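Below is one structure, written out as structure tokens; comments come after it.
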Amino acid sequence: MKKMLTARDVLANLKAVRTAEVDVPELGGIIRIRELTALEAREFSEESKKNTGSIKLLMMSAVDDEGHQLFVESDFEELSKIGMSAVMKVQKAALKLNGLADDDREVEATKNV
Numbered sequence: 004m005k006k007m008l009t010a011r012d013v014l015a016n017l018k019a020v021r022t023a024e025v026d027v028p029e030l031g032g033i034i035r036i037r038e039l040t041a042l043e044a045r046e047f048s049e050e051s052k053k054n055t056g057s058i059k060l061l062m063m064s065a066v067d068d069e070g071h072q073l074f075v076e077s078d079f080e081e082l083s084k085i086g087m088s089a090v091m092k093v094q095k096a097a098l099k100l101n102g103l104a105d106d107d108r109e110v111e112a113t114k115n116v
């Protein structure tokens, strides 16, 4: 039988987010991405409606070796110049990492690039 989590158990594990590495040769190497928080996932959902979701997902997901975000809001315009194939590689991996990569959701997310 599995243990029923208490509020303390959940709060103690808040920083236990999963990460993955994405090989993006178009950008010259590997980008580490992390799982979004529930609040960030909601923000991503809103950004997707504005057709800025792919870049915002890259910005929210990309982290350094210590888990700190690589990009800040002021990087948006410059990141918008990245080739779409590179952006889509990161988006696909981030959607999968966040449990959002089933066929319907993935297709919907790519419509809003």
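Residue numbering for the sequence shown follows the working numbering, beginning at 4 and increasing consecutively.
Just so it is clear, CB atoms sit at the ideal spot from N, CA and C, and this is done for glycine as well.
Quick caveat: nothing in here was measured; it's all calculated off a predicted structure.
Taking T55 and R37 to be in contact with their CB atoms under 8 Å, please state how far apart those CB atoms are, rounded to whole angstroms.
No, T55 and R37 are not in contact; Cβ-Cβ is about 20 Å, not under 8 Å.
When DSSP builds the beta bridges, which residues end up paired with G32?
Within the DSSP bridge table, the entry for G32 names V27 as partners.
Determine the contact status of V25 and A96, defining contact as a CB-CB distance below 8 Å.
yes
What does V66 pair with, by DSSP beta-bridge criteria?
In the DSSP output, where bridge partners are listed per residue, V66 has R35, Q72.
What number of angstroms, rounded off, separates the C-alpha of N16 from the C-alpha of M7?
Each residue's Cα considered, the two are about 14 Å apart.
DSSP beta-bridge partners of T22
R37
Taking the alpha carbon of E43 as the point to measure from, which residue in K52, K59, A10, F74 has its own alpha carbon closest?
When each option's Cα is compared against that of E43, the closest is K59.
Kindly list the residues whose CB is nearer than 7 Å to the CB of E29, restricted to its own chain and excluding five residues on each side of it in sequence; keep chain order.
The answer, listed in chain order, is G86, S88, A89.
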